[in-house]
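Down below is the structure, laid out as structure tokens.
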Amino acid sequence: MMNTPSLQAKAKKEVFLISGYLLFLAGLSLYLMLIPSNTQEPNFTLETLFLNVVGTVVIFSPILYIWWRSSDEVTLNPMVSQDIKPKPVLSIITLAAILPAALMPVDVLVDHFLTFLPDDISTAAQSINEQSNAIYIVQQMEHSALVIVSLYIALAAMPAIIEEIVFRGILQHRMHASGLKPMWAIGLSSLIFCIMHLQLVNLLPMMILSSILGWLYYHGQSLHYSVLFHALNNAISITLLIGFGGEPSTNESNPWFWVISVGAIFIAIMLLKSLHTTLRSEDIAHPNQAQ
2 MMNTPSLQAK
12 AKKEVFLISG
22 YLLFLAGLSL
32 YLMLIPSNTQ
42 EPNFTLETLF
52 LNVVGTVVIF
62 SPILYIWWRS
72 SDEVTLNPMV
82 SQDIKPKPVL
92 SIITLAAILP
102 AALMPVDVLV
112 DHFLTFLPDD
122 ISTAAQSINE
132 QSNAIYIVQQ
142 MEHSALVIVS
152 LYIALAAMPA
162 IIEEIVFRGI
172 LQHRMHASGL
182 KPMWAIGLSS
192 LIFCIMHLQL
202 VNLLPMMILS
212 SILGWLYYHG
222 QSLHYSVLFH
232 ALNNAISITL
242 LIGFGGEPST
252 NESNPWFWVI
262 SVGAIFIAIM
272 LLKSLHTTLR
282 SEDIAHPNQA
292 Q
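Counting in our numbering, the sequence shown runs from 2 upward without gaps.
What follows is the structure, encoded as structure tokens:
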């Protein structure tokens with residue numbers, strides 16, 4: 002069925018409520034991080050990992066409640082019914098594997114940009130970035146077998162599932178159902194995703210990542226593809242952190258840096274073009290079209 006004006010109005014109202022709530026949470030988190038603290042650094046354990054997952058579900062529960070209240074409206078429900086195709090899955094796995102290399106020039110650009118900022122602003126931005134990043138948790142924990150498995154579950158799999166439901170399946174989906182063009186729905190939901198994560202330093206690379214996730218959801222017509230890519234991206238980041246004991250250093254003066262980066266960018270573009278062909282079908286049914 003076609004989206005009626007009343008359904009579009011309902012979607013707009015819910016987009017306003019959800020976006021306002023997420024921005025409020027981001028502002029509150031930023032405020033708490035900026036408050037000087039005399040307490041010792043937190044000691045992360047398996048229990049804190051479990052509480053981190055529970056806390057994520059709790060803070061997103063009002064959004065999940067909005068989804069539940071509107072679950073009788075088929076066009077407002079996240080898209081999960083599309084059959085999963087093996088070829089896109091292989092492309093998504095490859096894309097997730099080469100994306101860190103493709104984003105290395107962006108990281109270099111961000112580092113150069115920080116040098117132009119006043120020292121206090123640059124230091125504050127990097128501090129907020131570290132506190133809101135999973136890197137902080139991974140580096141604080143002992144890397145036993147049980148801990149490593151728990152890290153992959155708590156910081157890779159669970160956030161991917163929860164965040165893709167909230168940001169793509171609920172927020173982006175409602176933005177599109179409210180009448181926004183796909184590009185705007187993907188862009189705005191991705192911007193809110195980045196703000197929510199407080200990645201001030203990594204805003205540009207995270208915006209690229211989030212846009213890919215939104216693009217996969219829109220063209221794949223299913224949360225499965227974006228959840229897979231999100232989980233793989235998180236898992237690869239954790240693997241690099243455990244393997245290198247921190248973020249691997251990059252040296253842009255080395256010619257191989259640019260050879261690898263440009264090659265990865267080219268492969269990423271080819272994979273996205275392939276995914277655009279394999280995911281899209283003639284009878285694709287988007288939120289503001291016939292269902």
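Just so you know, even glycine gets a beta-carbon here, dropped at the ideal spot from N, CA and C.
Nothing here was measured: the structure is a model prediction, and the numbers come from that model.
Residue burial classification, residue i (beta-carbon count within 10 angstroms, cutoff 16)
i: Gln200; result: buried
i: Ser7; result: exposed
i: Gly221; result: buried
i: Trp68; result: buried
i: Val139; result: buried
i: Val167; result: buried
i: His198; result: buried
i: Ala291; result: Note that Ala291 has pLDDT 41, beneath the 50 cutoff, so the model's placement of it is unreliable and the number below is only indicative. So Ala291 counts as exposed.
Presumed contact (8 Å Cβ cut-off) between residue i and residue j, rounded CB distance
i: Gln9; j: Ala178; result: 7 Å
i: Tyr226; j: Pro119; result: 42 Å between Cβ atoms; not a contact.
i: Gln173; j: Ile187; result: 6 Å
i: Lys86; j: Thr279; result: 6 Å
Distance CB(residue i)-CB(residue j) smaller than 7 Å
i: Arg175; j: Val16; result: yes
i: Ile243; j: Ala27; result: no
i: Met142; j: Val148; result: yes
i: Leu229; j: Thr95; result: no
i: Val107; j: Leu205; result: yes
i: Ile171; j: Ile64; result: yes
i: Ser92; j: Ser275; result: yes
i: Ala269; j: Ala161; result: no
i: Pro183; j: Tyr219; result: yes
i: Ala157; j: Ile239; result: yes
i: Leu210; j: Glu165; result: no
i: Met159; j: Val81; result: no
| Touch check for the stretch 185 to 195 and the stretch 90 to 108: three-plus C-beta pairs under 8 Å? | Taking 8 Å as the limit for Cβ pairs, the verdict is that the stretch 90 to 108 does not touch the stretch 185 to 195.
| query | Is the number of C-beta pairs between the stretch 204 to 216 and the stretch 73 to 86 that are closer than 8 Å three or more? | reply | Counting Cβ pairs under 8 Å, fewer than three are found: no touch.
| query | Is the number of C-beta pairs between the stretch 49 to 63 and the stretch 103 to 123 that are closer than 8 Å three or more? | reply | Segments in contact, no.
| field | Within the stretch 165 to 211, ranges of the alpha helix (DSSP H) (whole runs, at least 4 residues) | value | You should have 174 to 178 and 183 to 198.
| field | Segments assigned alpha helix (DSSP H), at least 4 residues, entirely inside the stretch 40 to 94 | value | Listed in chain order, the alpha helix (DSSP H) elements of length 4 or more contained wholly in the stretch 40 to 94 are 47 to 70.
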